[in-house]
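*Asks:*
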Amino acid sequence: MLLYVVSTVFVCYLSFNLRRNQLTPIVWNTLFWIILLFTAVNAIAKSFSQERYGRLLYYYNLCSPQAIIISKIVYNSFIMLLLSTFGFIFYAFVMGNPVGDMGLFSICMLLAAIGFASVLTLVAGIASKADNSATLMAVLSFPIIIPMLLMTIRLAKNALDGLDWSVSTDEISTLLSIDLIVITLSYLLFPYLWRS
Amino acid sequence: MRKIWWKILCIVIIFYVIIMGLMGPVPRLPIINESIRNTYFHVALWFAMTILLFTSMIFSIKYLNKGLIKDDDVASELAKSAIFFGILGCLTGSTWANYTWGDPWPNDPKLNGAAIGILIYLAYLLLRSSFEDEQRKARISSVYNIFAFAVFVPIIYILPRLTDSLHPGSGGNSTFGSYDIDNDIRKVLYPAVIGYVLLGLWFAELRIRMKIINRVREEQVASNR
Numbered sequence: 000m001l002l003y004v005v006s007t008v009f010v011c012y013l014s015f016n017l018r019r020n021q022l023t024p025i026v027w028n029t030l031f032w033i034i035l036l037f038t039a040v041n042a043i044a045k046s047f048s049q050e051r052y053g054r055l056l057y058y059y060n061l062c063s064p065q066a067i068i069i070s071k072i073v074y075n076s077f078i079m080l081l082l083s084t085f086g087f088i089f090y091a092f093v094m095g096n097p098v099g100d101m102g103l104f105s106i107c108m109l110l111a112a113i114g115f116a117s118v119l120t121l122v123a124g125i126a127s128k129a130d131n132s133a134t135l136m137a138v139l140s141f142p143i144i145i146p147m148l149l150m151t152i153r154l155a156k157n158a159l160d161g162l163d164w165s166v167s168t169d170e171i172s173t174l175l176s177i178d179l180i181v182i183t184l185s186y187l188l189f190p191y192l193w194r195s
Numbered sequence: 000m001r002k003i004w005w006k007i008l009c010i011v012i013i014f015y016v017i018i019m020g021l022m023g024p025v026p027r028l029p030i031i032n033e034s035i036r037n038t039y040f041h042v043a044l045w046f047a048m049t050i051l052l053f054t055s056m057i058f059s060i061k062y063l064n065k066g067l068i069k070d071d072d073v074a075s076e077l078a079k080s081a082i083f084f085g086i087l088g089c090l091t092g093s094t095w096a097n098y099t100w101g102d103p104w105p106n107d108p109k110l111n112g113a114a115i116g117i118l119i120y121l122a123y124l125l126l127r128s129s130f131e132d133e134q135r136k137a138r139i140s141s142v143y144n145i146f147a148f149a150v151f152v153p154i155i156y157i158l159p160r161l162t163d164s165l166h167p168g169s170g171g172n173s174t175f176g177s178y179d180i181d182n183d184i185r186k187v188l189y190p191a192v193i194g195y196v197l198l199g200l201w202f203a204e205l206r207i208r209m210k211i212i213n214r215v216r217e218e219q220v221a222s223n224r
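Order-wise, the sequence lines are chains L and C. Take 0 as the starting number for the first sequence in numbering that gives the first Met the number 0 and just add one per residue. Take 0 as the starting number for the second sequence in numbering that gives the first Met the number 0 and just add one per residue.
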């Protein structure tokens, strides 16, 4: 997955190579989050479909569905955090780093990692039950993740401009509440999914 | 004929809304002028859609608790008629926007949110069509339906209020209630919402009955073999 991020970033770098001066902070920001979104979908889609049937049965006997979904979310959040950190470092290395407020930007990355991980884990669970899960994963997850992506991009824009933190409390609280809603719902709904 | 009264009520209300909506007295406001009559159609359609989606979610929860396949039929058909109303709501809204805001699709967060909301529910239909086994389909799409409604509400009702929107209730515009005080509008708007909800239930009921008949016939075919 790390290689996936690096190569995507490198492709973007080469594509923008000719017109480096046109890369405004807005484009920089949007491009970064879209790369992260696709990475997240690809990374997390595997979290259920990769496991063999026998191992799922083993998990089923071993522990409660709540424990499984929470551990999957935590694990995927860590993966996302790792991927976005490395992605950011490499991205800043080749494309330049216009971020004005690193603290706010890292909070933004943290919230986005948790949010993406929790939404996509449940959707991956749903999609893995169907036959053509790769297509279904994209169709199901993109509309659901768009509000989160928009809030993240707005928050990251504030961080890029180095605005005062009080400006972005709205965005932070909205992102936090969306994360909370999604995690609670996954916690409640996953047992029904798990049974089938 | 069992329980026909609500169908009659539905037809009466819809006719009342159409006649009163086009002929009744309305307040004069600048810019909006006579197009305020679209409130009865556009706004009421969105309210009806939200109510139908909420009911659909309730039936999904009921299905997950009890496991009766009938509840899932109800949930999916309600969602379908809600999508129908959503598309109608988009069409009436863009007609309205064309005359008052000068653009059939202004770049407004609420419009984009509505488009995403409809996409979410179209994805729900796609998810339903990708399963063979009935119980499995019902269970998984119920889970997605509940999840979808929980995401749908923030997209339509909360996020646009945080940003500048042309719709009432955000970006310095007054909220809906404050210019809705006029009693002439209320007299038509609230019946309109009830009428559309009843119409949606009627659509859903017909399709549910078709589904039940189909299922019985399939079982007969299966048992004859």
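Beta carbons: idealized from backbone N, C-alpha and C, even for Gly. Note that the coordinates shown come from a computational prediction; the quantities given were computed from them, not determined experimentally.
If you draw a straight line from the alpha carbon of Leu126 of chain C to that of Gly161 of chain L, how long is it in whole angstroms?
*Replies:* Start at 1 with the first residue of the second sequence, and residue 126 of chain C comes out as number 127. Start at 1 with the first residue of the first sequence, and residue 161 of chain L comes out as number 162. Distance between the alpha carbons of Leu126 of chain C and Gly161 of chain L is about 42 Å.
*Asks:* Measure the alpha-carbon distance for Leu51 of chain C versus Ser80 of chain C and round it to whole angstroms.
*Replies:* One-based indexing of the second sequence puts residue 51 of chain C at position 52. One-based indexing of the second sequence puts residue 80 of chain C at position 81. Each residue's Cα considered, the two are about 8 Å apart.
*Asks:* What alpha helix (DSSP H) runs, 4 residues minimum, are completely inside the region 90-169 of chain C?
*Replies:* You should have 108-128, 133-152 and 158-161.
*Asks:* If we call anything under 8 Å between Cβ atoms a contact, is Gly194 of chain C one with Ile13 of chain C?
*Replies:* Here the question's residue 194 of chain C lines up with position 195 in the second sequence. Here the question's residue 13 of chain C lines up with position 14 in the second sequence. In contact: Gly194 of chain C and Ile13 of chain C (Cβ atoms closer than 8 Å).
*Asks:* Counting only Cβ-Cβ distances shorter than 7 Å, please list the residues of the region 115-143 of chain L near chain C, keeping chain order.
*Replies:* The residues in question are Leu121, Ile125, Lys128, Ala129, Asp130, Asn131, Leu135, Val138, Leu139, Pro142 and Ile143.
*Asks:* Since I believe Pro146 of chain L is in contact with Ile177 of chain L (beta carbons under 8 Å), could you give me their beta-carbon distance rounded to a whole number of angstroms?
*Replies:* Locating residue 177 of chain L in the first sequence gives position 178, counting from the first residue. Locating residue 146 of chain L in the first sequence gives position 147, counting from the first residue. About 7 Å separates the two Cβ atoms, so the contact holds.
*Asks:* Look up Cys62 of chain L in the DSSP assignment and say whether it is helix, strand or coil.
*Replies:* Locating residue 62 of chain L in the first sequence gives position 63, counting from the first residue. In the structure shown, Cys62 of chain L sits in coil (DSSP, three-state: anything other than H, G, I, E or B).
*Asks:* Going along the region 47-78 of chain L in order, which residues come within less than 9 Å of chain C, judged by CB to CB distance?
*Replies:* Listed by position along the chain: nothing, the set is empty.
*Asks:* For a cutoff of 8 Å on Cβ pairs, would you count Val142 of chain C as touching chain L?
*Replies:* The residue you call residue 142 of chain C lines up with position 143 of the second sequence. Closer than 8 Å to some Cβ of chain L, the Cβ of Val142 of chain C qualifies, so yes.
*Asks:* Let's test the definition: count the other Cβ atoms within 10 Å of the Cβ of Cys62 of chain L and tell me whether it reaches 16, buried, or not, exposed.
*Replies:* Looking up residue 62 of chain L in the first sequence gives position 63. That one is exposed.
*Asks:* At a cut of 8 Å, does the region 118-135 of chain C reach the region 87-98 of chain C through at least three beta carbon pairs?
*Replies:* Too few Cβ pairs lie closer than 8 Å, so no.
*Asks:* So is Val150 of chain C in contact with chain L if we call contact Cβ pairs under 8 Å?
*Replies:* Within the second sequence, numbered from 1, the residue matching residue 150 of chain C stands at position 151. Yes, its Cβ sits closer than 8 Å to a Cβ of chain L.
*Asks:* Smallest Cα separation from Phe31 of chain L: which of L:Ile152, L:Leu135, L:Tyr191 and L:Ile182?
*Replies:* Position 32 of the first sequence holds residue 31 of chain L. Nearest of L:Ile152, L:Leu135, L:Tyr191 and L:Ile182 to Phe31 of chain L, Cα basis: L:Ile152.
*Asks:* What number of angstroms, rounded off, separates the C-alpha of Ser46 of chain L from the C-alpha of Phe130 of chain C?
*Replies:* In the first sequence, residue 46 of chain L corresponds to position 47, counting from 1. In the second sequence, residue 130 of chain C corresponds to position 131, counting from 1. Their Cα atoms are separated by approximately 21 Å.
*Asks:* Give, in chain order, every unbroken run of the alpha helix (DSSP H) that is at least 4 residues long and sits entirely within the region 25-99 of chain L.
*Replies:* 52-61 and 64-94, all fully within the region 25-99 of chain L.
*Asks:* Once you ignore the five residues that flank Ile143 of chain L on each side, which residues in its own chain have a CB closer than 8 Å to its CB?
*Replies:* Counting from one through the first sequence, the residue named residue 143 of chain L turns up at place 144. Taken in chain order, the residues that qualify are Val118 and Val122.
*Asks:* Please determine if the region 178-186 of chain L and the region 145-152 of chain C are in contact, where contact requires at least 3 C-beta pairs separated by less than 8 Å.
*Replies:* Verdict: yes, contact present.
*Asks:* Can you give me the start and stop residues for the alpha helix (DSSP H) that Thr49 of chain C sits inside?
*Replies:* Counting from one through the second sequence, the residue named residue 49 of chain C turns up at place 50. Unbroken alpha helix (DSSP H) run through Thr49 of chain C: His41 to Lys65.
*Asks:* How many angstroms separate the CA atom of Val16 of chain C from the CA atom of Ala191 of chain C?
*Replies:* Within the second sequence, the letter at position 17 stands for residue 16 of chain C. Within the second sequence, the letter at position 192 stands for residue 191 of chain C. When rounded, the distance between both Cα atoms is 6 Å.
*Asks:* Would Ile145 of chain C and Met48 of chain C qualify as a contact pair, given that the criterion is a beta-carbon distance under 8 Å?
*Replies:* In the second sequence, the residue the question calls residue 145 of chain C occupies position 146. In the second sequence, the residue the question calls residue 48 of chain C occupies position 49. Not closer than 8 Å, so no.
*Asks:* So, is Lys2 of chain C buried or exposed, given that buried needs 16 or more other C-beta atoms within 10 angstroms?
*Replies:* Counted from its first residue, the second sequence places residue 2 of chain C at position 3. Exposed.
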